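First comes the structure, then the notes that go with it.
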Amino acid sequence: MITRTEPWPAGTPCWVDLMVPDREKAVAFYESLLGWTVESGGPETGYYGMAQIAGKPVAGIGQIPPEQAGMPPMWTTYLSVSDVDKTAAAIAEAGGQVIAPPMDVLTEGRMAIATDPTGATFGLWQPGRHSGTQATLTPGAPAWNECMTRDFAAAKQFYGDVFGYGFGDMSGPGFTYATLDVDGRPVGGLGELAADSTAQPGWVTYFWTADADESASRIPALGGTVVSPPVDTPHGRMVVAVDNQGAGFSLMAPNAQSGTQDGWG
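Mind the numbering: the sequence shown is residues 3 to 267 in this note's numbering, read in order.
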């Protein structure tokens, strides 16, 4: 496990959280599947749960408020920024939409929620006391975040304009994909959905697991669904799933090609 307490570089996916109709049901699912310990905040936070690995925060779980009843359960990827208000203005100028304007989250930080021009939703996080995920390269921690879209060119233009990403081409026969690079280092991905895919545009969160097959075998018993069974890729063995309330997520287990075994655990 690698730990980090400093703010993540601007543009880096720094936090993920889940909003669901039943927070306790979600806590039971992910604590069992990913080995989290979830500590709930007080009423001033809406009892927002902080998921931890070895005492380090890795993700959040919140309950959809009554005034937003009917909102689909989903994981949101937050991108680190130094100035939420300035970035929100840039999003609007680049053709995106700010759907939850900048707001302070107690003294933890400042946030906003937006959609890109292709319909993918994401968050912004300007760190205060809370810098974001503090554990990486360990089971249960976020492993990767990617935006999957139906208009790759428009999304690439938008994210490049707003966040200043460089792009590493990873496309191959039948698919279009690029890394989102900060200071020459990949921090996330941007891919184009297949023409026959029924998936909606959106950001996807991958979590590390020690054993993709074992994790996938337990998902149905926990009330979730395996959408795509474990498959080997150059970056790890991957599983696509939805949880027991319908929120989509993915799992990744390291393999010899992914190069993440050093210090694993």
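Every residue gets a Cβ at the ideal spot worked out from N, C-alpha and C, and that includes glycine.
Quick caveat, the model's predicted, so the values are computed rather than measured.
Roughly how many whole angstroms lie between the Cα atoms of residue i and residue j?
i	j	result
threonine 120	arginine 112	25 angstroms
isoleucine 115	aspartate 234	33 angstroms
tryptophan 10	threonine 117	21 angstroms
alanine 71	cysteine 16	27 angstroms
alanine 91	valine 107	19 angstroms
glycine 226	proline 67	23 angstroms
valine 184	glycine 125	18 angstroms
alanine 94	phenylalanine 160	10 angstroms
threonine 178	alanine 157	12 angstroms
proline 23	threonine 47	16 angstroms
glutamate 41	methionine 52	5 angstroms
alanine 255	threonine 138	13 angstroms
valine 29	glutamine 136	19 angstroms
valine 83	threonine 14	8 angstroms
proline 45	glutamate 8	28 angstroms
glutamine 247	alanine 96	33 angstroms
glycine 37	tyrosine 49	20 angstroms
threonine 5	glycine 130	18 angstroms
glutamine 128	asparagine 257	34 angstroms
valine 164	glycine 134	20 angstroms
proline 80	proline 59	The sequence as given places tyrosine at residue 80; proline does not occur at that position. The straight-line gap from Cα to Cα measures roughly 14 angstroms.
isoleucine 55	threonine 39	7 angstroms
lysine 27	proline 144	20 angstroms
glutamine 263	arginine 187	Residue confidence is low: glutamine 263 scores 47 on pLDDT, short of 50, so the model does not pin down where it sits. No coordinate-derived value is stated.
valine 244	valine 228	7 angstroms
Around the Cβ of residue i, are there at least 16 other Cβ atoms within 10 angstroms (buried) or fewer (exposed)?
i	result
glycine 265	Residue placement at glycine 265 is poorly supported in this model, since its pLDDT is 46, which falls under 50; the coordinates are not used for a value here.
lysine 284	An answer regarding residue 284 cannot be provided, because it is not within the stretch 3 to 267 covered by the chain.
aspartate 198	exposed
arginine 25	buried
serine 252	buried
alanine 201	exposed
serine 230	exposed
proline 141	buried
arginine 239	buried
threonine 78	buried
proline 175	exposed
glycine 57	exposed
proline 74	exposed
glutamine 65	buried
What does DSSP give as the partner residues of residue i in its beta bridges?
i	result
threonine 78	Asp19
arginine 187	Val184
glutamate 194	Thr151
isoleucine 4	Thr138
leucine 224	According to DSSP, leucine 224 bridges with nothing at all.
aspartate 87	Paired residue(s): none; aspartate 87 is not in a bridge.
glycine 98	In DSSP, glycine 98 forms no bridge with anything.
glycine 238	Thr235
alanine 249	Paired residues: none, contrary to the question.
methionine 254	Trp210, Met240
request  = Flag this pair as touching only if the segment 141–156 and the segment 193–200 have three or more C-beta atom pairs under 8 angstroms; answer yes or no.
outcome  = yes
task = Any chance you could list the alpha helix (DSSP H) runs of at least 4 consecutive residues sitting entirely within the segment 130–176, in chain order?
result = 154–165
Every unbroken beta strand (DSSP E) inside the segment 9–66 [3 residues or more] = 15–22, 39–42, 51–55, 58–65
request  = Decide yes or no for the touch test of the segment 216–233 against the segment 93–105: beta carbon pairs closer than 8 angstroms, at least 3 of them.
outcome  = no
request  = State whether the segment 162–169 contacts the segment 198–207, with contact taken as three or more CB pairs (one from each stretch) at a distance under 8 angstroms.
outcome  = no
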